[in-house]
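S.K.:
Protein chains in written order, with our numbering: chain A, 9 to 345; chain B, 149 to 501.
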């Protein structure tokens, strides 16, 4: 009887350990689970994890900026024995302490979309080149205006007063692409070029976009170029312009490449957008964790950059000379959200 | 006793006058304080006029123009409508943290019923308003019948409604162009009336009319006086024959319906149906109510003050932006205003002490 029990216990133990030995688990931690960008990121990670037989646990902050929940999520992943973490950090500098803990515990930590501060606090960063994304729409806007670019009146609709890295990079990229001299490249709002009417913040949504556009139009009703941090903000800005009957003579540019945004290019709401690829970021991230679990390989950066560039493409129906772009139809095939 | 005329006992000796405040003190300050006490909307009105004058002097016609001044109305319309709902609740010494969430869920229901299920727009709007009323009823039932604290009930309801909103909408935005093409009635509140340089939207007019109606109802109907009585002292109200529970439930249901209308107005304002908008509306509405001079302890204040409170925030926001100030200054000054408003409220109360 005793041997039978012991025997079945051993059998059970080998069975379970056999079943779990092949299992690699990974964590995905996003800023929120409500923003379509992160919803798509999660879908991309889940699909790839299912394909590679990786167990994926997803965590998200309650609102953008919810740092505490992200710290708790990292601690949970360490305790859970995960092999790696994919994180889109809300607080890019404070999270580094927790990330260091995870790396000390042998986990591979990859920052998705938003670089940590400093960037090498994570093992790798898989992201859109946000500066390049801004630069593409800046170049397109300047080319579109031609000689009039010298007298442009530009509204800058940014993300938040805390100036998160992603918002700063896009803003500064746009200005450089447009041909405006930057002040400190690590912050927006310190440029002295008279063509900039002003900066305002949108929280990246329609409501904020509309209000910010109204505020800037009140300072200067002649605005003819509008940079927006993302497409919801652009849609809000368009409503403000429409209410004063100026929707057809103002150039709006944006970043993201979500499906409603690309559709808005077809409808002439937005002139051009820089499309990013959240599904790709997430699926590449899962592949990297699988490789790390298998033989300890760390992902390599893109040549000449301090992160792995998941690509960005300019989407527009009005191509401009000297700026490479994809059509709306191509953008629709690759869009998310 | 040859007569049963008991009334004579009081008419001979007493007075028929109803209770009123008699201020025996002298001096301009005391009279001013008394005036403020009897007219609670006066303080926010003074602040509002003063801030318009100051920004008008600093910025000139850029700010002090029909266009800019009516723009402020447009910018505060959503918060103004939600704050009207919040005022009713706060007058009962309650608080509603779920107003913004109810607003967004109602607008999402209006959009999805139209575009996902293909319902006629009128039916969708009715469904959205019903959802608002239902959320309000649940709040009111839990608070009045189950005797749970309003803060806790609406804190929970806020999260439940917001989560429902995200799950139900699948975080998908319905684009402004699709709404304009297929269901323009959803954007009704964006309809504009231009008078010279001034631009009024239906949303703005709705806000002003709503506040006017509520101000009348609160002051001149039995229900309105019951709301004040319940907020001031529910036990005394109960003893004087007020149905406290039903009054409370009706207040939360009406607040929910007003929030649903705010959701409809929100579609007009931003064009699209966006599940992520309006998330700070609960805090912004409480801010407007407090700056507007309604006491958080219930039973005191006027809904006109709330409208002025919302407008003060709007004037500061636009004025400071036009001056090119960092957006953080707005938050700082609004914060100072909130504390000042409570301090003034306490000072005015001394008149009654």
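C-beta atoms are modelled at their ideal positions from N, C-alpha and C, and glycine is treated no differently.
(1) What does residue 264 of chain B reach in chain A if we use C-beta pairs closer than 8 angstroms?
(2) Chain B beta carbons: is any one of them nearer than 7 angstroms to that of residue 8 of chain A?
(3) Over the uninterrupted beta strand (DSSP E) stretch that includes residue 76 of chain A, give me the two end residues.
(4) Count the other CB atoms, across all protein chains shown, that sit within 10 Å of the CB of residue 329 of chain A; report buried if there are 16 or more and exposed otherwise.
(5) In this structure, what does DSSP give as the bridge partners for residue 235 of chain A?
(6) Let me make sure I understand the geometry here. Which of B:443, B:240, B:304 has the alpha-carbon closest to that of residue 378 of chain B?
(7) Tell me the DSSP bridge mates of residue 63 of chain A?
(8) Answer yes or no: does any C-beta atom of chain A fall closer than 7 angstroms to that of residue 325 of chain B?
(9) Do the CB positions of residue 249 of chain A and residue 52 of chain A come within less than 7 angstroms of each other?
(10) Which bits of chain E does residue 209 of chain A rub up against, with CB to CB less than 8 angstroms?
(11) Counting only the same chain and skipping the five closest in sequence on each side, list residues whose C-beta sits under 6 angstroms from that of residue 272 of chain B.
(12) Taking 7 angstroms as the CB-CB cut-off, is residue 424 of chain B touching chain A?
(13) Leaving aside the five residues before and after residue 205 of chain A along the sequence, list all residues of the same chain whose C-beta is less than 7 angstroms from its C-beta, in chain order.
(14) Would you kindly check if the distance between the Cβ of residue 178 of chain A and the Cβ of residue 142 of chain A is under 7 angstroms?
(15) Quick check on residue 238 of chain A - is its C-beta less than 7 angstroms from some C-beta in chain B?
(16) Could you work out which residues of chain B lie near residue 107 of chain A, taking near to mean beta carbons separated by less than 8 angstroms?
(17) Can you find the residues in the same chain that come closer than 8 angstroms, C-beta to C-beta, to residue 402 of chain B, ignoring five residues on each side of it along the sequence?
(18) Determine the closest residue to residue 221 of chain B out of B:331, B:478, B:460, B:494, with distance taken between C-alpha atoms.
(19) State the Cα-Cα distance for the pair residue 487 of chain B and residue 333 of chain B, rounded to the nearest angstrom.
(20) Of all the residues that make up the stretch 256 to 282 of chain A, which are near chain B by a beta-carbon distance shorter than 8 angstroms?
(21) Exposed or buried, residue 477 of chain B, counting other C-beta atoms within 10 Å across all chains shown (16 or more means buried)?
(22) Counting only beta-carbon separations shorter than 7 angstroms, does residue 319 of chain B have a partner in chain A?
(23) Whose CA, out of B:424, B:347, B:367, lies closest to the CA of residue 313 of chain B?
(24) Who pairs with residue 141 of chain A in a beta bridge, going by DSSP?
(25) In whole angstroms, give me the CA-to-CA distance for residue 246 of chain A and residue 325 of chain A.
(26) Could you give the distance in angstroms between the alpha-carbon of residue 211 of chain B and the alpha-carbon of residue 469 of chain B?
(27) Could you work out which residues of chain B lie near residue 251 of chain A, taking near to mean beta carbons separated by less than 9 angstroms?
(28) For residue 50 of chain A versus residue 66 of chain A, is the C-beta spacing smaller than 7 angstroms?
(29) Any residues in the stretch 81 to 99 of chain A with a beta carbon nearer than 9 angstroms to a beta carbon of chain B? Which ones, in chain order?
(30) Between the C-alpha atoms of residue 484 of chain B and residue 118 of chain A, what's the straight-line distance to the nearest angstrom?
(31) Applying a beta-carbon distance threshold of less than 7 angstroms, which residues of chain B neighbour residue 219 of chain A?
(32) Which residues in the same chain have their Cβ closer than 7 angstroms to the Cβ of residue 219 of chain A, if we skip the five residues on either side of it in sequence?
(33) Return the CA-CA distance between residue 148 of chain A and residue 190 of chain B, expressed in angstroms with no decimal places.
(34) So what does DSSP say about residue 127 of chain A, is it helix, strand or coil?
(35) Cβ of residue 40 of chain A within 6 angstroms of any heavy atom in the ligand GTP?
(36) Beta-carbon within less than 8 angstroms of residue 30 of chain A's beta-carbon, same chain only, minus the 5 sequence neighbours each way: which residues are those?
M.R.: Taking the structure as given:
(1) Within 8 angstroms Cβ-Cβ: nothing; residue 264 of chain B doesn't reach chain A, min ~15 angstroms.
(2) A question about residue 8 of chain A goes unanswered here, because the residues of chain A that appear run from 9 up to 345.
(3) Element bounds for residue 76 of chain A: not the beta strand (DSSP E) but the alpha helix (DSSP H), 75 to 87.
(4) exposed
(5) A:164, A:261
(6) B:240
(7) A:33
(8) yes
(9) no
(10) In summary, chain E is missing from the structure at hand, where the protein chains are A and B.
(11) 258, 261, 262
(12) yes
(13) 161, 162, 163, 224, 227, 228, 231
(14) yes
(15) no
(16) Going along chain B, no residue has its Cβ under 8 angstroms from residue 107 of chain A, so there is no contact; the nearest lies around 27 angstroms.
(17) 233, 236, 284
(18) B:460
(19) 41 angstroms
(20) 268, 271, 272, 275, 277
(21) exposed
(22) yes
(23) B:424
(24) Residue 141 of chain A pairs with nothing; no bridge assigned.
(25) 18 angstroms
(26) 10 angstroms
(27) 222, 338, 340, 347, 349
(28) yes
(29) none
(30) 42 angstroms
(31) 223
(32) none
(33) 53 angstroms
(34) helix
(35) The ligand GTP is not among the ligands present in this structure, which contains no ligands whatsoever.
(36) Only weak support is given to the placement of residue 30 of chain A: the predicted model assigns it a pLDDT of 44, under 50, and the question is left unresolved by the model.
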